[in-house]
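To keep things clear, I will list the structure first and then write my remarks on it.
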Amino acid sequence: MEKGRERNRRGIRGWFDPTVPNNLERWAYFFQRLTGLGILAYVIGHIGDTSFFVGGPFGTGPNQSSWSFDLSITENVVGHLILIFVVLIVTFHGINGIRLILAELGIMVGKPSKIEYPYRPSSLRSVQRHIIWVAIVLAVLAAIWAGSILFG
Amino acid sequence: MGDKIMTERKIMMIQYVTGILSVFLVSVHLLYQGVIVPYEKAISFSQVLSLYRHIFYGSMLEILLVVILVHGFNGLRIILLELNQSQDWSKAVDIITVIATVVTIAYGTRTVILAVFGGVS
Amino acid sequence: MSYVKLVVQRYDPERDEKPRFQEYIVPYRKGMTVLDAILYARDYLDHSIGVRFSCRMASCGSCGMKINGKPALACYTQVSELGTERIVVQPMDNFPVIKDLATDFEEFFEKHKELMPYLVREDRAEQENPKSEYLMKPEELERILQFTYCIKCGLCYSVCPTVGTDKLFPGPQAIAQAYRYVEDVRDEGGETRLNILDNPHGIWRCHFAGSCSAVCPKGVDPALGIQLLRRYVMRGKAPRKKGEGSKPFTK
Numbered sequence: 297m298e299k300g301r302e303r304n305r306r307g308i309r310g311w312f313d314p315t316v317p318n319n320l321e322r323w324a325y326f327f328q329r330l331t332g333l334g335i336l337a338y339v340i341g342h343i344g345d346t347s348f349f350v351g352g353p354f355g356t357g358p359n360q361s362s363w364s365f366d367l368s369i370t371e372n373v374v375g376h377l378i379l380i381f382v383v384l385i386v387t388f389h390g391i392n393g394i395r396l397i398l399a400e401l402g403i404m405v406g407k408p409s410k411i412e413y414p415y416r417p418s419s420l421r422s423v424q425r426h427i428i429w430v431a432i433v434l435a436v437l438a439a440i441w442a443g444s445i446l447f448g
Numbered sequence: 257m258g259d260k261i262m263t264e265r266k267i268m269m270i271q272y273v274t275g276i277l278s279v280f281l282v283s284v285h286l287l288y289q290g291v292i293v294p295y296e297k298a299i300s301f302s303q304v305l306s307l308y309r310h311i312f313y314g315s316m317l318e319i320l321l322v323v324i325l326v327h328g329f330n331g332l333r334i335i336l337l338e339l340n341q342s343q344d345w346s347k348a349v350d351i352i353t354v355i356a357t358v359v360t361i362a363y364g365t366r367t368v369i370l371a372v373f374g375g376v377s
Numbered sequence: 028m029s030y031v032k033l034v035v036q037r038y039d040p041e042r043d044e045k046p047r048f049q050e051y052i053v054p055y056r057k058g059m060t061v062l063d064a065i066l067y068a069r070d071y072l073d074h075s076i077g078v079r080f081s082c083r084m085a086s087c088g089s090c091g092m093k094i095n096g097k098p099a100l101a102c103y104t105q106v107s108e109l110g111t112e113r114i115v116v117q118p119m120d121n122f123p124v125i126k127d128l129a130t131d132f133e134e135f136f137e138k139h140k141e142l143m144p145y146l147v148r149e150d151r152a153e154q155e156n157p158k159s160e161y162l163m164k165p166e167e168l169e170r171i172l173q174f175t176y177c178i179k180c181g182l183c184y185s186v187c188p189t190v191g192t193d194k195l196f197p198g199p200q201a202i203a204q205a206y207r208y209v210e211d212v213r214d215e216g217g218e219t220r221l222n223i224l225d226n227p228h229g230i231w232r233c234h235f236a237g238s239c240s241a242v243c244p245k246g247v248d249p250a251l252g253i254q255l256l257r258r259y260v261m262r263g264k265a266p267r268k269k270g271e272g273s274k275p276f277t278k
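Residue numbers (this note's numbering), protein chains in the order written: chain A, 297 to 448; chain B, 257 to 377; chain C, 28 to 278.
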C-alpha cells in the first residue's frame with residue numbers, strides 16, 4: 297500500500313501542470329519559483345563577481361587591474377545576454393511577487409458571495425489575474441529596454 | 257529561521273517586507289546603473305568607486321545585499337522544506353540556509369567595507 | 028458517435044508493479060456521463076474495475092478522477108462535452124490508489140479533522156446540549172455560505188502543487204474549511220485553528236497557484252478562503268475570542 301501511496305504523489309513534476317483549465321496562476325506559480333531560484337543564483341554570482349572590485353577574495357581595497365580583469369570576463373555578448381535574461385526574470389518575479397503578497401493578504405482576490413452555476417471562482421477572475429499579464433508584458437519590455445542599452 | 261526560534265508567521269512577514277524592499281531597491285539599482293548613468297560609464301572603475309563611497313548609494317547597496325539574500329535564501333528554504341518533511345531534513349535546511357545567508361552577506365559586506373575604506377590600487 | 032473507447036488506468040498496489048491501461052468499447056447514448064460509461068464497462072465487460080461512486084449527481088463527492096488528464100467528477104462530466112471518442116480515466120493524483128480509480132481518503136480526512144471542522148464554543152456543556160439555535164445575520168451567512176458547499180471530493184487536493192510534495196500540508200480543502208469556521212460568527216475556536224495553521228508546513232505553504240479553485244466542481248473557491256484566512260494568521264488574531272461568538276436565540 298505504501299508503494300501505491302507514494303507512487304501517486306505528484307512530486308516536483310506537479311509544479312508545472314498545464315492540464316488544469318483556466319489557471320494562469322499555476323503558470324505564474326511555476327515561473328515565480330523558477331525565476332526565484334535563477335535570481336538567487338545570479339545574486340550569489342554577482343556578489344562574487346563584484347568582489348573583484350576590491351581585488352577578489354584576498355583583496356584589500358579598490359583595485360583597478362582586478363576590476364578590469366573581471367570586466368574582461370563579464371563584458372561580452374554572452375554576459376550581456378545573461379544580463380538581459382536577468383532583467384526579464386527580475387521584472388517578472390518582482391511584479392508577480394507584489395501580486396502574491398497582496399493576494400496572500402486577501403487583497404485583490406475578490407470576496408465570498410452567493411454562487412450560481414456556471415461557477416466562476418472570484419479569486420481567479422479578480423484584479424490579481426490582470427497583474428500576471430502586466431508582469432509578463434513589463435518583463436518583456438524591460439528586457440527589450442535592457443537589450444537596447446547593452447547592444448544599442 | 258528555525259520554527260522554535262521564530263514562528264512561521266514572523267518569517268513570512270520578513271519574507272514579504274524584504275520582497276517589497278527588494279523590488280524597490282533593485283529598481284533603483286537597475287535604473288541608476290543603466291539609465292540614469294550610461295551603462296559604459298556606470299561600470300567604469302572611477303564611477304563604481306564613487307558610488308560605493310556615496311553615503312546613500314553605498315548604504316543602499318548594503319541594505320539591498322541584506323534584504324535580497326534574506327528573501328532569496330528564505331525562498332530557497334521554503335522550496336526545500338516542501339520537498340521532504342523529516343525532522344532532520346527540516347533542521348538541516350533551516351541551519352544551512354541561515355549559514356548560507358550569513359556567509360554570503362558577510363562576503364558582500366566585506367566588498368562594500370573594503371570599497372569604502374580600503375586603499376585604492 | 029455510436030460508441031466510446033474507454034481507457035481505464037488499472038493498478039492494484041497489492042499485485043501490480045506499475046499501472047497499465049485497458050481499453051473498453053462502450054455503446055454511447057445521449058446524456059451519458061463518464062461515470063455511466065465506467066459503470067457500463069464494469070457491469071458488462073469487466074467486473075474487476077475498481078471505482079467509487081454513490082449519488083451520481085455531484086453531491087457525494089465520491090467519483091473524482093482524471094478524465095482525459097483533467098481532474099473532474101465522473102458523474103458531472105458528460106461524454107459529449109469531451110468532444111472525443113477516446114476517454115482516458117485515471118485516479119486522482121496525490122491520493123494513494125486503493126485499486127484502479129478508487130483512491131484512499133484517509134490522509135485527506137485526517138487533515139480535515141485536525142482543523143476542527145465544526146463549531147467550537149467556550150461553553151462546552153452548552154455546545155453539547157444546546158437549548159436553542161445560535162444567532163446569525165444573513166450577511167454573516169453570506170461570508171461563509173459558498174465554503175459550506177464543499178463535498179470533500181478531493182479534486183482540489185489532487186491538483187495542489189504543495190500537496191504533491193509536502194505530506195504535512197493540510198491542503199486546500201481543509202484550510203478553506205478552517206476559514207469557513209473561523210469566519211462563522213457562532214464559532215469561538217478561531218485562535219486554536221490559526222495556531223495549528225501557523226507552522227512551517229501550514230497555511231504559508233500555499234502559494235496561490237489557484238488550481239484548487241479552478242477544478243472545484245461546486246464553486247467553493249478554496250484559494251479565496253485560504254488567502255482570506257491568511258490575513259487572520261498574519262495578524263495572529265482570530266475575528267472572535269472565546270466567549271465572543273453569537274449568542275443563543277432567546278424569545
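Quick reminder that beta carbons are idealized off the backbone N, C-alpha and C, glycines included. All of these numbers come straight from a predicted model, not from anything done at the bench.
When secondary structure is reduced to three states using DSSP, B/VAL372 falls in the helix class. Scanning chain C for C-beta atoms nearer than 9 Å to the C-beta of B/THR274 yields nothing, as the closest lies near 15 Å away. Taking every protein chain shown into account, the CB of C/LEU168 has fewer than 16 other CB atoms within 10 angstroms, so this residue is exposed. Judged by their CB atoms, B/THR365 and A/ILE340 are not nearer to each other than the 8 Å cut-off. Assignment of C/MET92 by DSSP, reduced to helix, strand and coil, places it in the strand class.
Secondary structure of A/LEU401 (DSSP, three-state): coil. At a cut-off of 8 Å between beta-carbon atoms, C/ASP211 makes no contact with chain B.
With respect to the 8 Å criterion, C/PRO266 and C/VAL209 are classified as neighbours on the basis of their beta carbons. In this structure, C/ALA203 sits near C/PRO249, with a CB-CB distance shorter than 8 Å. The beta carbon of C/ASP131 sits closer than 7 Å to those of PHE122, PRO123, ILE125, all from its chain and outside the five residues before and after it, given in chain order. DSSP places C/PHE48 in the uninterrupted beta strand (DSSP E) bounded by 47-54. Measuring C-alpha to C-alpha distances from C/VAL34 to each of C/GLY58, C/LEU62, C/LYS57 identifies C/LEU62 as the nearest. Around the beta carbon of A/ASN372, fewer than 16 other beta carbons sit within 10 angstroms, so the residue counts as exposed.
Within the model, the alpha-carbon separation for C/PRO275 versus C/LYS164 is close to 13 Å. Any Cβ of chain B closer than 8 Å to the Cβ of A/ARG306 would place that residue at the interface, and such an atom is absent. Scanning C/ARG220, C/ARG170, C/GLN105 for the CA closest to the CA of C/VAL147 turns up C/ARG220. Residue state for C/LYS97 is assigned as strand, using DSSP reduced to three classes. Judged by DSSP in its simplified three-state form, C/LYS274 adopts coil rather than helix or strand. At least one C-beta of chain C is nearer than 8 Å to the C-beta of B/THR263.
C/GLY77 is the residue among C/TYR67, C/GLY77, C/ILE52, C/ASP70 whose C-alpha sits nearest the C-alpha of C/TYR38. Here C/SER273 has TYR161, LEU162, MET163, VAL212, ARG213 as same chain residues with Cβ atoms under 7 Å from its own Cβ, once five neighbours each way along the sequence are excluded.
Going by C-alpha positions, B/PRO294 is about 37 Å away from A/ALA399. Shown here, A/GLN424 sits in a helix according to DSSP, grouped into three states. In the pairwise beta carbon analysis, the segment 307-326 of chain A is classified as touching the segment 233-246 of chain C: at least three pairs are separated by under 8 Å. The DSSP-derived three-state label of C/ALA203 is helix. Contact of B/THR360 with chain A by beta-carbon distance below 7 Å involves ILE340, ILE343. When DSSP reads this structure, C/ALA129 sits in a beta bridge with C/LYS126. Taking B/LEU277 as the centre and dropping the five residues before and after it, the same chain places the C-beta of VAL323 closer than 7 Å to its C-beta, in chain order. Using a Cβ-Cβ distance cut-off of 8 Å, the segment 134-148 of chain C and the segment 192-200 of chain C are in contact, since at least three pairs of beta carbons, one from each stretch, lie closer than that value.
For C/HIS139, there are no neighbours in chain B by C-beta distance under 8 Å, as the nearest C-beta there is about 19 Å away. For a Cβ distance threshold of 8 Å, residue set PHE301, VAL376, SER377 of chain B lies close to A/GLN360, ordered along the chain. Contact note: A/GLY390 does not reach chain C at a C-beta cutoff of 7 Å; the least C-beta distance is about 16 Å.
From the listed residues A/ILE445, A/LEU446, A/ARG425, A/TYR413, the smallest Cα separation to A/GLY406 is found for A/ARG425. In the structure shown, A/ARG416 adopts coil according to DSSP, grouped into three states. Per DSSP, reduced to three states, the secondary structure at C/GLN36 is strand.
In the displayed model, C/ILE76 falls within coil according to three-state DSSP, outside both helix and strand.
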